[in-house]
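Residue numbering for the sequence shown follows our numbering, beginning at 233 and increasing consecutively.
C-beta: ideal position from N, C-alpha, C; glycine also.
Quantities reported herein were computed from a predicted structural model and do not represent experimental measurements.
The block underneath contains the structure these notes are about, expressed in structure tokens.
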Amino acid sequence: MTHKKFQIPKWIFAGLLIIPVILSGCMPSVAPSGNQKGSDEFVKGGVVKGFPSLPLMPKARVLESYGNNGAFGASFISDDDLDKVVKFYDQSLKKLGWESSQHRQSETNYVFEVKNSAYRGSVIVNTAADGKKTVITIAVLAR
């Protein structure tokens, strides 16, 4: 009995190399077009119109957001643990075109200083008061 060597067709191999590039464009961000609310300066439970495109931890819930004269901020809560959220932001900020530097303030608090061509600010990731959930706070200003 002879065994035939299995070869992957070149077109399948090429497709597998392109998939990560395509998926990086599907990165969830704070301001997906269907998630923006009105033009209010402060919105509870939603994202204000014009909020910059920053990564948003999948399944994180928006608590509130604001926007006024090029300054934006928002707070979110995630059921994921702190380490998972920190890792997500460490990897995702660069994929959406943000330069970032991470600073560990304590065992339960991390700050990402962020900037791109239009904005500068911070993404703060810390453990919620209940010790189980993770809070994400974003604040950016136009440059």
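*Mind checking N358: buried by the 16 CB within 10 Å criterion, or exposed?*
By 1-based counting over the sequence shown, the position of residue 358 is 126. Its Cβ being crowded by 16 or more others within 10 Å, N358 is buried.
*Determine the extent of the alpha helix (DSSP H) in which F320 is found, giving its start and end residues.*
Position 88 of the sequence shown, counted from the first residue, corresponds to residue 320. 314-327 is the span of the alpha helix (DSSP H), which, as asked, contains F320.
*Find out if the Cβ-Cβ distance for the pair T366, D313 is shorter than 8 Å.*
Position 134 of the sequence shown, counting from 1, holds the residue named residue 366. Position 81 of the sequence shown, counting from 1, holds the residue named residue 313. Yes, the pair counts as a contact, with Cβ atoms nearer than the cut-off.
*asked:* Within a Cβ cutoff of 7 Å, which residues of the same chain sit near Q337, ignoring the five residues on either side of it in sequence?
replied: Within the sequence shown, numbered from 1, the residue matching residue 337 stands at position 105. Answer for Q337: V343, listed in chain order.
*Under 7 Å Cβ to Cβ from E339, same chain only, skipping five residues before and after it: list those, please.*
Here residue 339 refers to the residue found at position 107 of the sequence shown. None.
*Whose C-alpha, out of K291, M289, P284, S310, is nearest the C-alpha of N300?*
Position 68 of the sequence shown, counted from the first residue, corresponds to residue 300. The candidate whose alpha carbon is nearest that of N300 is P284.
_F274 beta carbon less than 8 Å from that of V294_ = If you number the sequence shown from 1, residue 294 lands on position 62. If you number the sequence shown from 1, residue 274 lands on position 42. Contact flag unset, no.
*So is I350 buried or exposed if we call it buried at 16+ other beta carbons inside 10 Å?*
Along the sequence shown, read from residue 1 onward, the residue named residue 350 stands at position 118. One detail in the question is off: residue 350 reads as Ala in this sequence, not Ile. Result: exposed.
*asked:* I'd like the list of long-range same chain contacts for A374, defined as Cβ closer than 7 Å, with 5 residues on each side in sequence excluded.
replied: In the sequence shown, counting from the first residue as 1, residue 374 sits at position 142. G302, A350, Y351, listed in sequence order.
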